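Q:
Number of protein chains: 2
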Amino acid sequence: MLDYLNDISENYMKDKSFKPNNRLLMGPGPSNVHPKVLKALARPTIGHLDPQFIDLMDDIKSLLKYAFQTENEVTFAVSGPGSVGMETCLVNLIEPGDKVVVCINGVFGGRMKDIIERCGATPFEVTAPWGSAIDPSELENKLSQHEDASIVAFVHAETSTGAKSDIKTLAEIAHKYDCLTIADTVTSLGGIPLLIDDWNIDCSYSGTQKCLSCPPGLSPITFNERAVNLIKNRKSKVQSWFMDLNLVLGYWGSGTKRAYHHTAPINSLYGLHEALLLLKQEGLEQAWERHQSNGQKLVNELGAIGILPYVKADERLPELTSVAVPAGVDEADVRKQLLEKHNIEIGAGLGDLAGKIWRIGFMGYTSNEENIDTFVSAIRGILENK
Amino acid sequence: MLDYLNDISENYMKDKSFKPNNRLLMGPGPSNVHPKVLKALARPTIGHLDPQFIDLMDDIKSLLKYAFQTENEVTFAVSGPGSVGMETCLVNLIEPGDKVVVCINGVFGGRMKDIIERCGATPFEVTAPWGSAIDPSELENKLSQHEDASIVAFVHAETSTGAKSDIKTLAEIAHKYDCLTIADTVTSLGGIPLLIDDWNIDCSYSGTQKCLSCPPGLSPITFNERAVNLIKNRKSKVQSWFMDLNLVLGYWGSGTKRAYHHTAPINSLYGLHEALLLLKQEGLEQAWERHQSNGQKLVNELGAIGILPYVKADERLPELTSVAVPAGVDEADVRKQLLEKHNIEIGAGLGDLAGKIWRIGFMGYTSNEENIDTFVSAIRGILENK
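For the protein sequence lines, the chains are A and B, in the order given.
Quick note: the first sequence, position 136, residue 137 per the numbering used here, numbers continuous.
Quick note: the second sequence, position 170, residue 171 per the numbering used here, numbers continuous.
And the structure:
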């Protein structure tokens, strides 16, 4: 009955434990994970309804409120990567027939549009060139043309380009037209100023593998009362069972009584808790300042060897710098050499920017001065010897 | 700006690393995680497009083929818990207007029905009492009444009751009516005989936190060619972007070129790889035999102190035994004492069986003879002293 096992086993690369190299992760994420977070992942698994675990969930909620700068009761970690967070926000807030304005200046705005369509809603696009911020006046124009739109979705830190949009202003305009706002903060949470309550962001999702020094696999998420009320009063069922907030909150809600919904990724949540504690110990403003100053130093050092930022200064993310590939350079070969010879990962361009830029992340535990020197001397050596 | 931070920090249970107790996990999952798997989780994170990681993904696919006993090329791990695996199978295979027969003898069949409805399809139920297997003749009856049904969904090992259905026979009947089959194997994979190819199961999803000795958070999944063709030829888009197999396979597909879809939960996959290696080293048949013989011993030992199985012998899962709560016993108090005094977790009944049964899991790394003695002497002591 098991006679084809031998064939299968011939396909194995190896029949032993996987031992990854120690990479310096300077791509668009994951960034390097703090050693304390790695250690936390390996603690013994307990049950998803264990009172100890319920306490941990409550701690994670409090710490996420701090990270998001919000008092939203509905603030927790979705049991899936950032893309599941994105889809969770959209499928809960959108009903078939809704009109949704979506701001697109890179991959992730485009992904939101795709999901909006899958929800049976009509998307109206506000676009900006890849590598630029969304122009608030374009949003105002679009909303004045489509006054029946009920939701505006935008990306704070566009991971595919390294551009930052002014989502405080975008949210102000959206609310003028009585729209609810959804913000992608995957690459901004813990890295640059983000004030969910002060900026009146109704709903936001993020990721763990960028500025939080944590592995990928969870999506911090927050909904304010207005968003929760909209979800509670939907006319139609949320199209996803797993993402239906009305069900998820039976588990992640408040009180000591929690109902089983799905089995949470226990050990991953140990890691997130540890990462959020580290953020709190450092202080959110200090973390923002670290990302800002190290990002600036990296840009300066790269500029000194002729590698120039692709995004203009006032729209540039300090934690994710996209740079123009210098003329005549085989960009894929440089990335390959960085990885193979120096154990350094940087990111390629995507979509419109494929082949034109490198994306150099400097997020979370990766973001320290020593790593600037390591990286700059490695890439300088490769470019000089080409 | 951060002036409400102090309020938030007062809510913390503690401002230090989380140190869970060492529990003996004898509930319906998670089960105890093998120490080598915990160790693997803590290895350094690398990128989700790193060639080393692509090799690891290929190894995981090969090892999952072994575990599922299939040569299906489309065999991988969904980046979410078992419920996401369930929804991934259903949303990909079902289109609005489809007729789907769903076998319900516990929570998980019911959950499938809910998702089928959210897909815009019509479910036809084949039911059995909670704690019993699905009767194949009932499926035959239902299919003969609804010859336009195109899919049959069923649960191999019903985690909410401890009952096993004969899915080989259910699949035979389904195929007689030209239906495609979806099997929930969350609690059976690695625990009891499961032969995806020999039994002609077209599509199946599982979990990592049951018989694989791995933490929760990933869902092993497999689709045969017939299922994949159906997905490739859908008339409508899959309603979920994240779960759309046409997109996911750009990342988990074959060849060395992998397109970014979402960021995989890197460290969780280190753990799954290690767990699958352990399964292969033990041997699948040996793992089945271990679960079978330890499960039988557990039933015998519990019987000797008057705790009797709820499910009849030929439908009983060796890896998950539900037992009737003895008359006059406060079942919640017993579970509380087991947890607080003995660090042992067992499960309560759900739905129809709440308050009536305990669910005693004996899965994966938990399943060894020593744990039988530990558990039986603990529960005997509690029941004697009540």
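Positions of the beta carbon are idealized from the N, C-alpha and C atoms, including for glycine.
Source: prediction; values computed, not measured.
Could you tell me whether the Cβ of lysine 238/B comes closer than 8 Å to any Cβ of chain A?
A: Closer than 8 Å: yes.
Q: So is asparagine 33/A in contact with chain B if we call contact Cβ pairs under 8 Å?
A: Closer than 8 Å: yes.
Q: Going by C-alpha to C-alpha distance, which of Val108/A, Gly111/A, Ser80/A and Ile116/A sits closest to isoleucine 97/A?
A: Reading off the sequence shown, one finds proline at residue 97/A, where the question assumed isoleucine. The shortest C-alpha separation from proline 97/A is found at Ile116/A.
Q: Between isoleucine 306/B and chain A, is the shortest Cβ-Cβ distance under 8 Å, so that the two count as touching?
A: With 8 Å as the cut-off, isoleucine 306/B does not count as an interface residue toward chain A.
Q: Tell me the rounded alpha-carbon separation between valine 377/B and glutamate 302/B.
A: Each residue's Cα considered, the two are about 7 Å apart.
Q: Ignore the nearest five residues each way along the sequence and tell me which others in proline 137/B's own chain have a CB closer than 7 Å to its CB.
A: Closer than 7 Å at Cβ, skipping near neighbours: Asp167, Thr170, Leu171 and Ile174.
Q: If contacts are defined as beta-carbon pairs under 8 Å, then serine 368/B and arginine 291/B qualify, I think. What distance do you get, rounded to the angstrom?
A: About 6 Å; that satisfies the 8 Å criterion.
Q: Report the three-state DSSP secondary structure of proline 266/A (helix, strand or coil).
A: Reduced to three states, the DSSP call for proline 266/A is coil.
Q: Rounded to a whole number of angstroms, what is the C-alpha to C-alpha distance between aspartate 56/A and serine 189/B?
A: The straight-line gap from Cα to Cα measures roughly 31 Å.
Q: Of all Cβ atoms in chain A, is any one closer than 8 Å to the Cβ of asparagine 386/B?
A: Not an interface residue.
Q: Just mark aspartate 245/B as buried or exposed, buried being the case when its beta carbon has 16 or more other beta carbons within 10 Å.
A: Label assigned to aspartate 245/B: buried.
Q: Given that glutamine 210/B touches chain A, what residues does it touch there, using C-beta distances under 7 Å?
A: Thr264, listed in chain order.
Q: If you follow the alpha helix (DSSP H) that alanine 129/B is part of, which residue opens it and which one closes it?
A: No alpha helix (DSSP H) holds alanine 129/B; DSSP gives it neither H nor E.
Q: Measure the CB-CB distance between valine 92/A and valine 239/A and report whether it falls below 8 Å.
A: It is a contact, given that the beta carbons lie within the stated cut-off.
Q: Is serine 378/A helix, strand or coil by DSSP?
A: In the structure shown, serine 378/A sits in a helix (DSSP, three-state: H, G or I).
Q: For alanine 164/A, which three-state DSSP category applies?
A: DSSP places alanine 164/A in strand when its eight states are reduced to three.
Q: Across which residues does DSSP place cysteine 104/A in a beta bridge pair?
A: Answer by DSSP bridge pairing, in chain order: Val127/A.
Q: Report the residue ranges of all beta strand (DSSP E) runs contained in full by the stretch 209-282 of chain B; include only those spanning at least 3 residues, in chain order.
A: Counting only runs of 3 or more, we get 220-224.
Q: Are phenylalanine 109/B and threonine 186/B close, meaning C-beta to C-beta below 8 Å?
A: Not closer than 8 Å, so no.
Q: Whole-angstrom Cβ separation of valine 326/A and lysine 357/A, contact assumed at under 8 Å?
A: Yes, valine 326/A and lysine 357/A are in contact; Cβ-Cβ is about 6 Å, under 8 Å.
Q: By Cβ distance, which residues of its chain are closer than 6 Å to valine 153/A, with the 5 residues on each side in sequence left out?
A: Hits under 6 Å: Val102, Ala175, Cys180 and Thr182.
Q: Compare the C-beta of leucine 3/A against all C-beta atoms of chain B and say whether one is closer than 8 Å.
A: Note that leucine 3/A has pLDDT 46, beneath the 50 cutoff, so the model's placement of it is unreliable and no number is given.
Q: Count the other CB atoms, across all protein chains shown, that sit within 10 Å of the CB of alanine 260/B; report buried if there are 16 or more and exposed otherwise.
A: When all chains shown are included, alanine 260/B counts as exposed.
Q: In this structure, does DSSP put proline 401/A in helix, strand or coil?
A: Given a span of 2 to 387 for chain A in the structure shown, any question on residue 401/A remains unanswerable.
Q: For chain B, find out if any of its Cβ atoms is closer than 8 Å to the Cβ of isoleucine 47/A; answer yes or no.
A: Yes - at least one Cβ of chain B is within 8 Å of the one on isoleucine 47/A.
Q: Which residues bound the alpha helix (DSSP H) around leucine 318/A?
A: It is not in any alpha helix (DSSP H) - leucine 318/A carries neither H nor E in the DSSP assignment.
Q: Against chain B, with Cβ distances strictly below 8 Å, would glycine 365/A count as a contact?
A: No, its Cβ sits nowhere closer than 8 Å to a Cβ of chain B.
Q: How do the stretch 39-52 of chain A and the stretch 16-27 of chain B stand: do at least 3 beta-carbon pairs fall below 8 Å, yes or no?
A: Cβ pair count under 8 Å is three or more, so yes.
Q: Less than 7 Å between the CB of glycine 350/A and some heavy atom of the ligand MG, yes or no?
A: Although the ligand MG was asked about, the structure shown includes no ligands whatsoever.
Q: Using a Cβ-Cβ cut-off of 8 Å (strictly less than) and excluding sequence neighbours within five positions of asparagine 12/A, which residues of its own chain qualify?
A: The pLDDT assigned to asparagine 12/A is 44, lower than 50, so where the model puts this residue is not dependable, and the model offers no usable value.
Q: Looking at C-alpha atoms only, which residue of Ser294/B, Ile380/B and Asp59/B is the closest neighbour of valine 335/B?
A: Of Ser294/B, Ile380/B and Asp59/B, the residue nearest in Cα terms is Ile380/B.
Q: Roughly how many angstroms separate the alpha carbons of leucine 354/B and threonine 162/B, rounded to a whole number?
A: The straight-line gap from Cα to Cα measures roughly 8 Å.
Q: Roughly how many whole angstroms lie between the Cα atoms of threonine 375/A and glutamate 341/A?
A: For threonine 375/A and glutamate 341/A, the distance between alpha carbons rounds to 15 Å.
Q: Roughly how many whole angstroms lie between the Cα atoms of aspartate 320/A and lysine 114/A?
A: What sits at residue 320/A in the sequence shown is glutamate, not aspartate. If you take the alpha carbons of glutamate 320/A and lysine 114/A, they lie about 25 Å apart.
Q: Compute the Euclidean distance between the alpha carbons of aspartate 16/B and isoleucine 61/A, then round it to the nearest angstrom.
A: Each residue's alpha carbon lies about 11 Å from the other.
Q: Since threonine 76/B and leucine 65/B should fall inside the 8 Å C-beta cutoff, what is the C-beta to C-beta distance between them, to a whole number of angstroms?
A: Contact flag correct, Cβ pair sits at about 5 Å.
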